[in-house]
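Here the sequence shown is numbered in our numbering, starting from 912 and rising by one per residue.
Notes follow once the structure below has been shown.
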Amino acid sequence: MKTILITGAGTGLGKELALAYAKKGHTIILTGRRETPLKEVQELIRQNGGHAEVYTLDLTKQESVQKTVDTITDAHSVSYLINNAGAGCFGPLSDLAIEDIDLAVQTNVLGTIYLTKALLPHLLEQTEPKIMNIISTAGQKGKINESVYVASKFAVRGFTESLQKELEGRVTVTATYMGGMDTPFWDETDHIKDKSRLKSPQQVADTIIKHDTQLEINV
Ligand SMILES: NC(=O)c1ccc[n+]([C@@H]2O[C@H](COP(=O)([O-])OP(=O)(O)OC[C@H]3O[C@@H](n4cnc5c(N)ncnc54)[C@H](OP(=O)(O)O)[C@@H]3O)[C@@H](O)[C@H]2O)c1
């Protein structure tokens, strides 16, 4: 059984991945900025007889990412990192606020890079270490009113494909591309008009776990 660090594990896809991997017997390190949703997921996992720990973490702050990773790795042997946390940024480029652009790029791109870099020396000491990056179909093709979000996800795709080559034979690095999911991700935007056509995050988590030995998963 592995110890799996999941970012953005308090809500949406991260929560469902945490619940599903915990059901398979893995220990889950639940991370995100807000403690309350993480504790709720921890409680659900414990009620099902599983193991989970909570560490709050703001991915946009490099020093705090490094400190939290040091604290986590002092107590746990983490062999699987799931970079799932993400921030949206939707609308015509001319209407986007600079702070929303910054937040999406800092969270999706720099956050993923900071955490992966901080955890990598530890991962390299583990047996069969693995990194899964949750990207999006926004990492595969451009979309109207998603320029900044798409740019950030293309960056994560480039990061992933480069690490696949750089770490080949030492760390398995996988990429996951999915379309729309009905999660809190869409709560503060009207970019998606009809959420009823979106997949549930449980459904997407189940598919990811079924195929998690593949280097690329398309849901
Ligand atoms: N929903 C979709 O349609 C869709 C489609 C394709 C791909 N995706 C991707 O799937 C992933 C999960 O999204 P979701 O749909 O499950 O949305 P979500 O429920 O909003 O989850 C995003 C998570 O990221 C965490 N997070 C955000 N900023 C953070 C930061 N600075 N530091 C640490 N944690 C942070 C949030 O927790 P806190 O607020 O507590 O920090 C939240 O739990 C994202 O990468 C998203 O881009 C989503």
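Where is the CB? At the ideal position from N, CA and C, for every residue including glycine.
Three CB pairs or more closer than 8 Å across the stretch 1094-1106 and the stretch 1037-1047: no
Buried/exposed call for P1032, threshold 16 Cβ in 10 Å: Within the sequence shown, numbered from 1, the residue matching residue 1032 stands at position 121. Looking at its Cβ environment, which holds fewer than 16 other Cβ atoms inside 10 Å, P1032 is exposed.
Check whether V1061 and G1069 have beta carbons under 7 Å apart: Locating residue 1061 in the sequence shown gives position 150, counting from the first residue. Locating residue 1069 in the sequence shown gives position 158, counting from the first residue. No; because the gap between Cβ atoms is not below 7 Å, this pair is not in contact.
Cβ neighbours of A963 in the same chain (closer than 8 Å, five flanking residues each side left out): Indexing the sequence shown from 1 puts residue 963 at position 52. Answer for A963: A929, A933, T938, I939, I940, L941, V952, Q953, I956 and R957, listed in chain order.
Beta-carbon proximity check, T1071 vs V1084, cutoff 7 Å: Residue numbering aside, residue 1071 sits at position 160 when the sequence shown is read from its first letter. Residue numbering aside, residue 1084 sits at position 173 when the sequence shown is read from its first letter. Yes; because the gap between Cβ atoms is below 7 Å, this pair is in contact.
Complete runs of the alpha helix (DSSP H) confined to the stretch 1049-1087 [at least 4 residues]: 1058-1077
Pick from K1028, L968, D1098 and E946 that is closest to T979, judged by C-alpha positions: The count along the sequence shown starts at 1 and reaches residue 979 at position 68. Of the candidates K1028, L968, D1098 and E946, the one whose C-alpha sits nearest the C-alpha of T979 is L968.
Local conformation of T1100 per DSSP, three classes: Taking the first residue of the sequence shown as 1, we reach residue 1100 at position 189. T1100: coil per DSSP, three-state reduction.
Candidates Q1125, T1118 and L1030: closest to S975 by CA position: The residue given as residue 975 occupies position 64 in the sequence shown. Checked all of Q1125, T1118 and L1030; the closest Cα to S975 is L1030.
Distance cut-off 6 Å: F901 Cβ against heavy atoms of ligand 1: As shown, the chain starts at 912 and ends at 1130. That puts residue 901 outside it, with no answer to give.
Closer than 6 Å: R945 CB and nearest ligand 1 heavy atom: Numbered from its first residue, the sequence shown carries residue 945 at position 34. Correct: R945 has its Cβ closer than 6 Å to ligand 1.
Rounded straight-line distance, which links the Cα of E1099 to that of D1006: Counting from 1 along the sequence shown, the entry for residue 1006 is found at position 95. Counting from 1 along the sequence shown, the entry for residue 1099 is found at position 188. The alpha-carbon atoms of D1006 and E1099 are separated by roughly 15 Å.
Cβ-based neighbour list, E1127, same chain, cut-off 6 Å, excluding 5 preceding and 5 following: Indexing the sequence shown from 1 puts residue 1127 at position 216. Excluding sequence neighbours, E1127 sits near A1086.
Which listed residue (A1008, N1019, K1041 and A998) has its alpha carbon closest to that of I915: For the purposes of this step, residue 915 is identified with residue 4 of the sequence shown, where counting begins at 1. Comparing Cα-Cα distances from I915 to each of A1008, N1019, K1041 and A998, the minimum goes to K1041.
I993 vs M1043 beta-carbon contact at 7 Å: Locating residue 993 in the sequence shown gives position 82, counting from the first residue. Locating residue 1043 in the sequence shown gives position 132, counting from the first residue. For I993 and M1043, yes; Cβs fall inside 7 Å.
beta-carbon M1092 near ligand 1 non-hydrogen atom, thresh 6 Å: On the sequence shown, residue 1092 is found 181 positions in, with the first residue counted as 1. Yes, the beta carbon of M1092 sits closer than 6 Å to at least one heavy atom of ligand 1.
Cβ pair V1067, T1023 closer than 7 Å: Stepping through the sequence shown from its first residue, residue 1067 is reached at position 156. Stepping through the sequence shown from its first residue, residue 1023 is reached at position 112. Contact flag set, yes.
Residues that K1131 bridges to, as DSSP identifies them: The structure shown does not extend to residue 1131, since the chain is modelled only from 912 through 1130, so no value can be given for it.
Closest by C-alpha distance to P1112, when choosing among Q1017, G925 and G921: Here residue 1112 is taken as the residue at index 201 of the sequence shown, counted from 1. Considering only alpha carbons, the answer is G925.
Sequence ranges, alpha helix (DSSP H) only - wholly within the stretch 933-991, length at least 4: 946-958 and 973-986
Any non-hydrogen atom of ligand 1 within 6 Å of M1043 CB: Locating residue 1043 in the sequence shown gives position 132, counting from the first residue. No - ligand 1 has no heavy atom lying nearer than 6 Å to the Cβ of M1043.
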